[in-house]
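Chemist:
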Amino acid sequence: MFRFACLLTLLGASAALVAQEKPGKSESLATPALRVEVPTFANSTCPIMGKKVSMKLFTDTEVGRMYICCKGCDKKIQKDVPTAYKTAYPTTKHLDNATCPVSGEKVGDKPVEVTLQGHAFKVCCADCVPETKRNAQVVLARVTDDKVTDLRNAECPITSQPVVDNAFVLVGDTLLRLSSPQCVDEVTKDPSATLAKAKALAASKQLDDPRKRAPESAPAAPKEASGRKKESGK
């Protein structure tokens with residue numbers, strides 16, 4: 062009996078020693094990498110040729126971006142945007158958003174409905190409508206995922222240059238604006254450091270509220286299709 066009790070004591074001491082030496086669960090698991098992506102809201106077939114689109118080729122319109130199969134289709138789309146849009150996005154998904162994807166405020170009792178690339182949603186006022194057309198890809202990324210937080214950084218964390226319309230990347234659930242879509246490749250190299258820098262830039266200087274901008278004298282010329290890569294993360 063005495064020997065049995067001693068054996069149990071020794072076994073208990075050994076187990077305790079092993080437990081002390083074994084690393085905790087949080088120490089043994091590596092920190093998961095932040096997700097880096099550029100969401101797209103593309104039509105699957107070219108509205109002109111009916112062929113599968115190239116994600117490198119598109120043209121921007123007042124109803125959002127339309128992807129095409131080859132150069133030349135963009136000019137045909139611009140000649141008759143409504144017809145091309147109906148072909149590119151034959152159905153519309155209605156989003157019941159409570160927050161304006163432009164201002165970040167509640168849409169209120171008198172929202173304005175906007176339709177972009179097969180998505181219908183609300184903005185808080187008419188002053189936010191021009192921004193939805195100018196920055197359609199950013200707006201769609203925000204309105205289709207309520208977890209996304211837009212830093213509204215005015216400077217690119219990669220180049221330290223001013224950000225441009227529709228150039229952005231999601232790092233986790235945080236939307237970072239960029240000076241060029243090509244900067245996404247650099248973001249993927251160290252997303253944590255890029256996110257930290259973007260937050261610092263946003264804290265020092267953020268984009269102005271689009272509702273406070275002076276009205277444009279003339280609409281911007283539509284962006285034409287290009288053989289250069291427009292969307293990253295693919």
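In this note's numbering, the protein residues as written are 62 to 295.
Beta carbons: idealized from backbone N, C-alpha and C, even for Gly.
Would DSSP call THR193 helix, strand or coil?
Modeler: On the sequence shown, position 132 is the one that residue 193 refers to. In the structure shown, THR193 sits in a helix (DSSP, three-state: H, G or I).
Chemist: Find the nearest neighbour of PRO108 within the set PRO143, GLU216, LEU177, ALA159, judged by alpha-carbon distance.
Modeler: Against the sequence shown, residue 108 aligns to sequence position 47. Nearest of PRO143, GLU216, LEU177, ALA159 to PRO108, Cα basis: PRO143.
Chemist: On the DSSP bridge list, what partners appear for GLU98?
Modeler: Locating residue 98 in the sequence shown gives position 37, counting from the first residue. Partner(s): LEU231.
Chemist: Could you please give the first and the last residue of the uninterrupted alpha helix (DSSP H) stretch that includes ALA261?
Modeler: Working through the sequence shown from its first residue, we reach residue 261 at position 200. Looking at the DSSP string, the run of the alpha helix (DSSP H) that includes ALA261 is 252-265.
Chemist: Which same chain residues, not among the five before or five after GLU82, have their C-beta less than 8 Å away from its C-beta?
Modeler: Start at 1 with the first residue of the sequence shown, and residue 82 comes out as number 21. Here the model assigns GLU82 a pLDDT of 42, short of 50, so the residue's position is not dependable, and the following value carries that caveat. Nothing meets the Cβ criterion.
Chemist: Count Cβ pairs between the stretch 214-228 and the stretch 132-151 that sit closer than 8 Å; are there 3 or more?
Modeler: As far as the Cβ criterion goes, the stretch 214-228 does not touch the stretch 132-151, which means the pair count is below three.
Chemist: Could you tell me which of ALA264, CYS185, ALA228, ARG195 sits nearest to ASP157, measuring between CA atoms?
Modeler: In the sequence shown, residue 157 corresponds to position 96, counting from 1. The shortest Cα separation from ASP157 among ALA264, CYS185, ALA228, ARG195 belongs to CYS185.
Chemist: Does the count of Cβ pairs from the stretch 112-129 and the stretch 202-215 closer than 8 Å reach three?
Modeler: No: fewer than three Cβ pairs fall under 8 Å.
Chemist: Using 10 angstroms around the beta-carbon of ALA145, count the other beta-carbons present and answer buried if the total reaches 16, otherwise exposed.
Modeler: Taking the first residue of the sequence shown as position 1, residue 145 is located at position 84. So ALA145 counts as buried.
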